[in-house]
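Heads up: the structure comes next, in structure tokens.
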Amino acid sequence: MNIQEYFSRISFDGSHKEADLQTLTAIFQHHIQAIPFENLSMHCGETIDLDLQSTYNKIVKKKRGGWCMETNYLLFWALKEMGYDICVLGGNSYDPAKKAYIDQINHILLKVVIKGSSYIVDAGFGGGPYQTWLPMLLISGKDQPQIPGIFRFTEDNGVWYLEKVKRKHYVPEGSVPLTDTPEMGNIRKLYSFTLEPKHIDDFQELNTYLQVSPDTILHKKSICSLQTTEGFYALVGWTFSEMKYKYKEDTDLLQTTTLTDEEIAKTLKEKFNIVLENKLIPVNVRGLPPNLVDSI
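Terminal number for the sequence shown in the working numbering: 326, no gaps in between.
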């Protein structure tokens, strides 16, 4: 494994001599705009191994993406190599349908300490508009505006919660109609977490479970999502979505199209820079939202 090869993978050629916030922000943004959140391996008959060499080979050498445990684990390695004070944390994502946080840890995120201040860095929250674009200062109750929207943490008795203020979507005629989640209002709860450090081995059981359980959204949907300079691309099953943030004041532009099987491989190459080794079997179980906008 080679840090320069990682820099090349994310198209980063800036200075990285100082382990400061400016460099962290630059690395993070290059990472999320180069490495898709995707679960295509499990829909191509491939096994996802949660060890650093396998993750590095998949994402850096084969130019694939990965789900949260893969892409955040690779980012953890890179930032540690660069000299950052960093640790792994575990999160519990919010289920809008049940209006509750998942009981078991099902997400991985990173905490970076710079000059005494803690920042949360998460490159693996694949729900399109819920992916942060900047490291977030770990402070309770403070709005932290970013291009995707306003994020904030709240803390209660040692448990931290991340939420986002939702924005309106403008959907042009001809786009695939959306189905919203049961959650109403303008606040979207994302996940909770504590500051107890974790090790990657703590996620091995989760990594296996997500690949074999038929009940998870990752089994019911083949997903590929990538942040762009303006918003994000998402391919869920046969539905391709493109979001452009702030199309109008407080309104994002969302365009969706339905692809044929033949168009999927072309779209993966052109929009996500992914060429699969094995045949993809697209999945998008009916009864669930057809895209990522409110599904994860």
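All C-beta atoms, glycine included, are put in the ideal place defined by N, C-alpha and C.
All of these numbers come straight from a predicted model, not from anything done at the bench.
The three-state reading of DSSP puts Ala127 in coil, since its state is none of H, G, I, E or B. A distance below 8 Å separates the beta carbons of Phe302 and Tyr263.
Nearest C-alpha to Ile138 among His46, Leu236 and Ile33: Leu236. Under DSSP, Ile253 takes part in a beta bridge, and its partners are Val266. With respect to Leu54, Asn102 sits apart: the two C-beta atoms are not nearer than 8 Å. Between Asn122 and Trp97, the beta carbon gap of about 16 Å keeps them out of contact (Cβ cut-off 8 Å). The beta carbon of Asp173 lies closer than 7 Å to those of Ile180 and Arg182 in the same chain, with the five residues before and after it left out. For Leu256, same chain residues with a beta-carbon under 6 Å away, outside a window of 5 residues either side, are Pro66, Tyr263 and Phe302 in chain order. In this structure, DSSP gives Met166 an extended state, which the three-state scheme calls strand. With a beta-carbon spacing of about 13 Å, Tyr149 and Leu192 fall beyond the 8 Å limit used to define contacts. Of all C-beta pairs linking the stretch 229 to 248 to the stretch 43 to 52, fewer than three are shorter than 8 Å, placing the two stretches out of contact. Taking C-beta atoms as the reference points, Thr162 and Gly188 fail to come closer than 8 Å. The continuous stretches of beta strand (DSSP E) do not include Val90, and DSSP gives it neither H nor E.
Counting of Cβ neighbours within 10 angstroms places Glu35 among the exposed residues, the total staying below 16.
Looking at the backbone, the Cα of Lys219 and that of Asp125 are separated by about 9 Å. Counted as a single uninterrupted DSSP element, the stretch harbouring Ser71 is not any alpha helix (DSSP H), since DSSP gives it neither H nor E. If you look at Gln174, you'll find it in the beta strand (DSSP E) that goes Gln174 to Gln176. Val315 is positioned such that its CB atom lies closer than 8 Å to that of Lys250. The alpha-carbon of Leu105 is positioned some 17 Å away from that of Glu48.
DSSP places Phe223 inside the beta strand (DSSP E), whose first and last residues are Ile217 to Phe223.
Under DSSP, Val151 forms a beta bridge with Leu140. For Leu109, the CB contacts under 6 Å within the same chain, skipping 5 residues up- and downstream, are Ile116 in chain order. Per DSSP, the continuous alpha helix (DSSP H) segment holding Tyr36 begins and ends at Ile33 to Arg39.
Inclusion of Ile33 and His60 in the CB contact set at 8 Å is not warranted, their separation being larger than that value.
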